[in-house]
Each structure stands twice: as structure tokens, then as C-alpha cells.
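Asks: When the letters of the sequence shown are read in order and numbered with the numbering used here, they come out as residues 1435 to 1748. Dropping the structure in here first, questions after.
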Amino acid sequence: MPETLAAAARAAATLRHLTTPVELPRHLIEELLDRALGFELGEADLQRRDGRLLATLFYEPSTRTRFSFEAAMHRLGGQVLSAENAVKASSAAKGESLEDAIRVISGYVDAIVIRHPEIGAAARAAQAATVPVVNAGDGAGHHPTQALLDLYTIRKELGRLDRLRVGLVGDLRNGRTVRSLALLLSRFPQNELVLVSPPGLRMGDDILEALGETAVDQTGELDPVVCTLDVLYQTRIQAERFESAEAYERYRGVYVVTPDIMRCLPEHALLMHPLPRVGEIDPQVDSDPRAAYFRQTRNGLWARMAVLDWVLGS
Ligand code: NCD
């Protein structure tokens, strides 16, 4: 093999992608959370990424994820090229394959953040890319950087990531945030997951089978478990994943966190939500100090700075 091709092959083999939680063993999670804390504290010796370029390629809507990735890249000293509506505004509208688009964009930038409606799209992108790829959500698959910022929030507010009883509530079948979070929580000892969903929206077997030693309770009832939790993690019913509006309507409003629910939640516990919320947390709850969801969004900045810094070090 000519030397340039051999060098390209070596470089591809050492690229740091983040497409699923599988790429996040415990030691790397801890390293990234420590790095995120360093960014939050403004530690001076952290890497700057001046002149590096990031492409954000979003084939699904986003507010927090795209803005926080882009803010993170700017704060690292880099710059961003953004396709915020890639379905219509990229050559996907002309029928170009994801692989071709990624091959081309790889030639312009140093890393790619992608959100796409198909499960596995980020992994496919990583196969085609010659720069690192970060998954910002692949359909009902995974959302690994959301799970990292969730862990960052829990560690910051509760002081640990083990011996926690965490209630994951809502659309566990289609919710990529909870699928990724369950896997990351299972990397730490003695955590217990309480999976609260209607029978039709249960957590997938692929996740349940990967949870190892982690204790799991499954229930359809939220009220009786609230008083036992360290973290109540509420989620949105994922309307866009249902085959029809009627199918979604069957589940809309199935669990709502109200001031009454908050009366049962222990004093030390957290109420989290990846947002956006569409009725599943009553805004009256926002002023409760345990309502962590807006603090959680801010933590996305530090967690994504850490992830970008890590992949750019490939
Ligand atoms: C989540 C997502 O896109 O999966 N949003 C986010 O990134 N914070 C959750 C959701 O849309 O329900």
C-alpha cells in the first residue's frame, strides 16, 4: 500500500467517534465528566481548538443539542458550519446518500456532529467519514452526549453516580435519551432502575439485556414509586415515532409531574428531563429547587465541550 494510503488507513483506525454508549466504558465516562468540570470551572490549562472546524448536520429538529454543540465549539476556539435543516437544505433533498454527504463534508471539517431520524445513521456516517463523528441522536436509537450531560448533572448535584435509584419515566421504547442513560448508569455499581411506562412503550430488550448486574423494576404506575427515588427522569412521549396521530393520542399525558407528585419525591432527589417538554411537567413545578431540567441544559455545554475536545484529539 502506498505510504499516503497507509497513513490514511492508520488515521481512520484511530479516529475517536461517539456513536453509541458502547464507545463509553466507565473510565472514559469519568475522564469526560472530569474534563467537562474543568471547562465549567474555567481551568486554564485545558486544550483550545483554535482554527478547528466542526460541521453540525441536523436531519431532525433541535434546539438545545445543536446550539450547545455549536456554542461548545466556539468556546473551544473553533468554528462551525451548520446545516440545521439538512433534509431540505442539503443535497439529501436531491437524493444524495448519507454516506456520500459525509465523505464530502469530511473533506472540509475536522469533526461532524449528526442528528438523523434513522437508527444507526451515526454509525453509518462514522464508517464513511475520515474525521470523527458524534451522534446527536439517531432516531429511536441513542443520544450518548445527552446521557453524558445527564450523568454530569447527577454527579454535580447528588455527588455520586453509584447506589442510585433512578426512575426513567414515559416513552422508554422510542426515547433515545433514556435508552442511552440506562446503559451509562449500568456502568456504575449498585444502581437500580425503575422503568415506568405503559406496556406498549416498554424499554427495548436490546437495552434490558445489556444492563448486566443493574437491578431493574418495570411498572406502569408512577405514583407508588416516586417516594423511593433519588432521580425522577421524566421524558416526552415521542409523537414523531408513532405511525399515526391516533396512536400517539393514546399515550399523550399518560404521566404528568404535578406539585402533588413533587410532594412525594424525597427532599434530596432530582427531577430531570432532557426537554423539550410538552405537558408532562407542570410549569408550577419549575420553581422547586429539585427541578433540575434547566440546569441540566446548561450542563450540556460543558459535556459537549469535553466530547468535542476528546474527539478532536484523535
Ligand atoms: C431529546 C431528543 O432529541 O432525543 N431532546 C434533546 O436532545 N434534549 C428528547 C426529546 O426530543 O424528547
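Backbone N, C-alpha and C fix where the C-beta goes; we use that ideal spot for every residue, glycine too.
Alpha carbons only, please: which of Ala1478, Ile1715, Phe1676, Ile1671 is nearest the one belonging to Gly1604?
Replies: Ile1671
Asks: By Cβ distance below 8 angstroms, which residues in the same chain neighbour Leu1488 in space, the five residues on each side in sequence not counted?
Replies: Phe1503, Glu1504, Met1507, Gly1512, Gln1513, Val1514, Leu1515, Val1543, Asp1544, Ala1545, Ile1546, Val1547, Leu1742
Asks: Along the alpha helix (DSSP H) that carries Asp1584, what are the first and last residues, could you check?
Replies: 1578 to 1592
Asks: Under 7 angstroms, CB to any heavy atom of ligand 1. Which residues pass, going along the chain?
Replies: Ser1496, Arg1498, Thr1499, Gly1571, His1577, Gln1580, Gly1609, Arg1610, Thr1611, Thr1669, Arg1670, Gln1672, Pro1708, Leu1709, Pro1710
Asks: Can you find the residues in the same chain that come closer than 6 angstroms, C-beta to C-beta, to Met1637, ignoring five residues on each side of it along the sequence?
Replies: Leu1606, Leu1629
Asks: Please confirm whether Gly1646 has its beta-carbon closer than 8 angstroms to some beta-carbon of chain C.
Replies: In the structure shown, chain C cannot be found, because there is only a single protein chain.
Asks: Thinking C-alpha only, which one of Ala1737, Ser1748, Arg1684 is nearest Arg1498?
Replies: Ranking Ala1737, Ser1748, Arg1684 by Cα distance to Arg1498 puts Ala1737 first.
Asks: From which residue to which residue does the beta strand (DSSP E) around His1550 run?
Replies: 1545 to 1550
Asks: Going by the beta-carbon positions, is the gap between Leu1699 and Leu1656 smaller than 8 angstroms?
Replies: no
Asks: With a CB to CB cut of under 7 angstroms and the five nearest residues on each side skipped, what residues in its chain are close to Arg1549?
Replies: Phe1492, Tyr1493, Glu1494, Ser1496, Thr1499, Ala1570, Gly1571
Asks: Report yes if the C-beta distance between Gly1654 and Val1690 is below 8 angstroms; otherwise report no.
Replies: no
Asks: Return the first residue and the last residue of the alpha helix (DSSP H) that Gln1652 is part of.
Replies: First-last for Gln1652: 1649 to 1653, but that is the beta strand (DSSP E), not the alpha helix (DSSP H).
Asks: Can you grab the Cα-Cα spacing for the pair Ser1620 / Leu1602, in whole Å?
Replies: For Ser1620 and Leu1602, the distance between alpha carbons rounds to 13 angstroms.
Asks: Taking just the CA atoms, how far does Ala1517 sit from Arg1724?
Replies: 36 angstroms
Asks: For Asn1608, count neighbouring C-beta atoms within 10 Å of its own C-beta (all shown protein chains included) and say buried if the count is 16 or more, exposed if not.
Replies: buried
Asks: Please tell me whether Arg1610 and Ala1574 are closer than 8 angstroms, where the distance is taken between their beta carbons.
Replies: yes
Asks: Hey, could you find the ends of the alpha helix (DSSP H) Gln1730 is sitting in?
Replies: Counting along the chain, the unbroken alpha helix (DSSP H) around Gln1730 starts and ends at 1727 to 1746.
Asks: Whose C-beta lies closer than 6 angstroms to the C-beta of Arg1460 among residues of the same chain, with five residues either side of it excluded?
Replies: Arg1621
Asks: Select from Trp1744, Leu1709, Val1745, Glu1477 the residue whose C-alpha is nearest the C-alpha of Phe1728.
Replies: Leu1709
Asks: Could you compute how far the alpha carbon of Trp1744 sits from the alpha carbon of Glu1457?
Replies: Distance from the CA of Trp1744 to the CA of Glu1457, rounded to the nearest whole angstrom, comes to 13 angstroms.
Asks: Using DSSP with H/G/I as helix, E/B as strand and the rest coil, what is Ser1502?
Replies: helix
Asks: For Leu1598, which of Ala1703, Phe1501, Arg1686 has the nearest alpha-carbon?
Replies: Ala1703
Asks: For Glu1626, which residues does DSSP report across the bridge?
Replies: Arg1599, Ala1649
Asks: Quick one, are the C-beta atoms of Leu1466 and Gly1472 less than 8 angstroms apart?
Replies: Contact: no.
Asks: With 16 other CB atoms within 10 Å as the buried threshold, where does Ile1553 fall?
Replies: exposed
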